[in-house]
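Trainee: Residues -15 to -1, 1 to 307, numbered by mature numbering (1 follows the signal peptide of the UniProt record, and there is no 0), are exactly what the sequence shown covers, in order.
The beta-carbon is built from N, C-alpha and C at its ideal position, and this holds for glycine as well.
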Amino acid sequence: MVAVVCGLLATPAFAANVGFEEVKIANGTEPPLTVGIWYPTNAAAAEQTVGNVTETVARDAPIAGRGLPLVVISHGGGGWYDSHYDTAIALAQAGFVAAAVSHAGDTFDDQSRVLQLWRRPAQLNRLVDYMLDEWVGHQHLDKTRVGAFGFSNGGFTVLVMIGGVPNLSEIAPYCHAHPDHDLCSALARAGVDPDQGAAVPVGVWVRDPRIKAAVIAAPAFGFAFGRAGLSGVHVPVQLWRAADDRHQPDPYYEEAVRTDLPHPPEYHVIPNAGHYDFLPPCDARLARKMPALCNSLPGFNRAAFHEQFNGDVVDFFRKQLR
């Protein structure tokens, strides 16, 4: 099913207040991972500064509700756990618990292991373990209702988590054929030989059968899966493409995934949107600091789009995680 979004409808407001906490979780022999968690609460919410943004949340408040579904969130390259805070808040307002991890080695302040892509699914898997078994509120969760949301590198991460097996040796021929594409020019500027993509440790791609549904926006390295690599994906997928994505040109990313999934996804194509329009709208200060991430094409209303986007994400998870 393909949904081309031309008009934007209002998303209904949800009554629940939103609690928030930041935690550090053990990650084997590596330093702890930093995680943000949003959840329903009956406590009063107030404006709080989290990183570069202001969120209306009740910090470290008691959780409200039982049998709550969980959605784990994987950010894009160079992001951090708060990269999709508005989607996390919308989920919490709708009665979900949303938990996002800062992917060590691929964050805004640490790009040291960005091409070791197999680390990301392992970190997201660790987050699921923590939330279901160790989090102070884990008894409020329904372990049978777990979803995942991912954008860009996070979309790649979630595809792996639901059964996708990429072949990173596809990066080299892709870049030989398309040296001007962003992925390939970025590798060239960094002095990285794309042929190193074949050097992947055996058995590192972590699948998590607890994830029952996935929302994937602008998945990175979509061309690296192929039909065989996606043959093990059998959970419902909501897939999003920005029609004017100049970082991940069509048809090598979302369209490649859509074509090769064994079951047709719920597919949304957003006219006039760019890659970073899947990130929340920026305030004036952040727009001055990070114009490349914040600026949209003329005529595109990112705030209005996010009202629709977050509503559709909530509706999908509500339907699939019943």
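Kindly indicate the opening and closing residues of the beta strand (DSSP E) around Ser170.
Mentor: Taking the sequence shown and counting its residues from 1, one reaches residue 170 at position 185. No beta strand (DSSP E) holds Ser170; the alpha helix (DSSP H) holding it covers 167 to 174.
Trainee: State whether the stretch 205 to 215 contacts the stretch 229 to 238, with contact taken as three or more CB pairs (one from each stretch) at a distance under 8 Å.
Mentor: Yes, they touch.
Trainee: Among Leu117, Val57, Thr26, which one has its Cα closest to the Cα of Gln78?
Mentor: Reading the sequence shown from its first residue, position 93 is the one you call residue 78. It is Thr26 whose Cα lies nearest to the Cα of Gln78.
Trainee: For Val222 versus Ala199, is the C-beta spacing smaller than 9 Å?
Mentor: The sequence position of residue 222 within the sequence shown is 237, counting from 1. The sequence position of residue 199 within the sequence shown is 214, counting from 1. In this structure, Ala199 lies closer than 9 Å to Val222 by Cβ.
Trainee: Along the chain, where does the beta strand (DSSP E) containing Tyr24 start, and where does it finish?
Mentor: Reading the sequence shown from its first residue, position 39 is the one you call residue 24. Tyr24 -> beta strand (DSSP E) spans 15 to 26.
Trainee: Please work out which residues of its chain come closer than 7 Å, Cβ to Cβ, to Asn295, disregarding the five sequence neighbours upstream and downstream, and give them in chain order.
Mentor: Within the sequence shown, residue 295 is the residue found at index 310, counting from 1. Correct list, in chain order: Thr(-5), Asp71, Thr72, Ala75.
Trainee: Secondary structure at Ile74, three-state DSSP: helix, strand or coil?
Mentor: Indexing the sequence shown from 1 puts residue 74 at position 89. It is helical.
Trainee: DSSP puts Trp225 in a beta bridge; with which residues?
Mentor: What you label residue 225 is simply residue 240 of the sequence shown in a count that begins at 1. Note: Trp225 sits in a beta bridge opposite Ala202, His253.
Trainee: Check whether the Cβ atoms of Ala202 and Leu224 sit closer than 9 Å, and answer yes or no.
Mentor: As a working mapping, residue 202 is identified with position 217 in the sequence shown. As a working mapping, residue 224 is identified with position 239 in the sequence shown. Going by C-beta atoms, Ala202 is nearer than 9 Å to Leu224.
Trainee: In the structure shown, what three-state DSSP assignment does Phe141 receive?
Mentor: Position 156 of the sequence shown, counted from the first residue, corresponds to residue 141. Of the three classes helix, strand and coil, the one that applies to Phe141 here is helix, per DSSP.
Trainee: Beta-carbon separation of Leu117 and Leu109 under 9 Å?
Mentor: For the purposes of this step, residue 117 is taken as residue 132 along the sequence shown, with counting starting at 1. For the purposes of this step, residue 109 is taken as residue 124 along the sequence shown, with counting starting at 1. Contact flag unset, no.
Trainee: Let me know the secondary structure DSSP gives Arg231 once reduced to three states.
Mentor: For the purposes of this step, residue 231 is identified with residue 246 of the sequence shown, where counting begins at 1. Reduced to three states, the DSSP call for Arg231 is coil.
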